[in-house]
Amino acid sequence: MANGQETRAPIASKGKKQADTGEAAASRYSGEVASKLARANRRVSKSAQTKARNNAMVAFVVLANGSISDLRLAKSSGSPELDQFALNLVRQQAPFPPIPPETGMSSWLFKAPIGPF
């Protein structure tokens, strides 16, 4: 069964197919990271939610082996409690799955909203 892209371009070169494979792997991988964070995000406390004006935005780098580095708060929620929860949530979810080699990436910067909004 061919995907839509291959159907529209049946004479794609081998290089194009490899690029498509990398893009598909990248899309799947970013979805895995986002869903792992989203599942954990359900545990935000009611007190942190009531004090927050927005979601906290975290930024972090996932390394090839799935470990994280450079974790920081990119944007405050307005609640120190929620901001700290967001940073801890990312730490607790690490390590993430290793980055698929077909993406051609050895590290990946993620930004993710954490919170009730």
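Residue numbers for the sequence shown follow our numbering, beginning at 64 and rising by one.
Here a beta-carbon is modelled for each residue, glycine too, at the ideal position from N, C-alpha and C.
Predicted model only: the values in this text are computed from it and were never measured.
Enclosing beta strand (DSSP E) for residue i [first to last residue]
i    : result
F173 : S170 to I177
A137 : I131 to K138
Supposed close pair residue i, residue j - CB separation, criterion 8 Å
i    : j    : result
S140 : N118 : 6 Å
A175 : E144 : Not a contact, Cβ separation roughly 18 Å.
V121 : A149 : 5 Å
G85  : T166 : 5 Å
F123 : F173 : 6 Å
P161 : A88  : Incorrect: roughly 11 Å between the Cβ atoms, too far for contact.
V107 : G178 : 6 Å
Of the residues the options, the one placed nearest residue i, counting alpha carbons only
i    : options                   : result
K114 : Q147, I162, M168 and P164 : Q147
V153 : A103, R91, E95 and P179   : A103
Y92  : S170, P179, L134 and F180 : S170
V96  : S130, F180 and S142       : S130
Q155 : L134, R116 and M168       : L134
Where the alpha helix (DSSP H) containing residue i begins and where it ends
i    : result
P164 : That residue, P164, is in no alpha helix (DSSP H); it is neither H nor E in DSSP.
A149 : P143 to Q156
Residue i classed as buried or exposed, judged by whether at least 16 other C-beta atoms fall within 10 angstroms
i    : result
G78  : Low local confidence applies: a pLDDT of 42 at G78 is under 50, so the model's placement there is unreliable, with the coordinate-based value given in what follows. Counting Cβ neighbours within 10 Å, G78 comes out exposed, since fewer than 16 surround it.
S90  : exposed
S142 : buried
A65  : A caution first: A65 carries a pLDDT of 39, below 50, which makes its placement in the model unreliable, though a value can still be read off. Exposed, because fewer than 16 other Cβ atoms sit within 10 Å of the Cβ of A65.
F159 : buried
Contained alpha helix (DSSP H) runs [length at least 4] in the region 81 to 126, N- to C-terminal order:
As far as the region 81 to 126 is concerned, its whole alpha helix (DSSP H) runs of at least 4 residues are 109 to 114.
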